[in-house]
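Participant:
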Amino acid sequence: MLHKHELIGLEAEVISSTCSNLVGFRGTVVDETKNTVVIEVKDVEKTVPKQGTLFRFHIDGGVDIEGARLLHRPEDRTKRAR
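Here our numbering is used: the first residue of the sequence shown is 1, the next is one more, and so on.
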């Protein structure tokens with residue numbers, strides 16, 4: 001059910017990505033768009049594409065989710081049934 005959860009404020013980590021330079025980034029989600037998640041890492045914001053990225057959100061012991069499952073505007077995604 002994480003795909004319905006508000007992501008802003010959660011701690012997130014990039015587990016794998018087609019952008020290899022983003023792998024390992026871990027910080028707080030500060031923004032989200034239809035296609036990206038913005039993670040603040042040591043006062044620097046990193047924009048991470050959802051497509052092609054596996055995220056680990058540190059909630060309930062850690063939940064991994066493919067970014068492709070999050071590919072919607074945040075306000076629409078929370079309403080969708082999957």
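C-beta atoms are modelled at their ideal positions from N, C-alpha and C, and glycine is treated no differently.
Measure how close the beta-carbons of I15 and R56 come, nearest whole angstrom, since I'm counting them as under 8 Å.
Facilitator: To locate residue 15, count along the sequence shown from 1; it is residue 15. To locate residue 56, count along the sequence shown from 1; it is residue 56. Indeed they touch by this definition, with Cβ atoms about 5 Å apart.
Participant: Classify V29 as buried or exposed, calling it buried when 16 or more other Cβ atoms lie within 10 Å of its own Cβ.
Facilitator: In the sequence shown, residue 29 corresponds to position 29, counting from 1. The residue is buried, with at least 16 neighbouring Cβ atoms inside 10 Å.
Participant: According to DSSP, I39 sits in a beta bridge with which residue or residues?
Facilitator: To locate residue 39, count along the sequence shown from 1; it is residue 39. V29 and K46, per the DSSP bridge assignment.
Participant: Does DSSP put E6 in a helix, in a strand, or in coil?
Facilitator: Along the sequence shown, one-based indexing puts residue 6 at 6. If DSSP states are grouped into helix, strand and coil, E6 belongs with coil.
Participant: Work out the CA separation of G52 and H27 for me, nearest whole Å.
Facilitator: Residue numbering aside, residue 27 sits at position 27 when the sequence shown is read from its first letter. Residue numbering aside, residue 52 sits at position 52 when the sequence shown is read from its first letter. It should be noted that the sequence gives Gly, not His, for residue 27. Between G27 and G52, the C-alpha separation is close to 19 Å.
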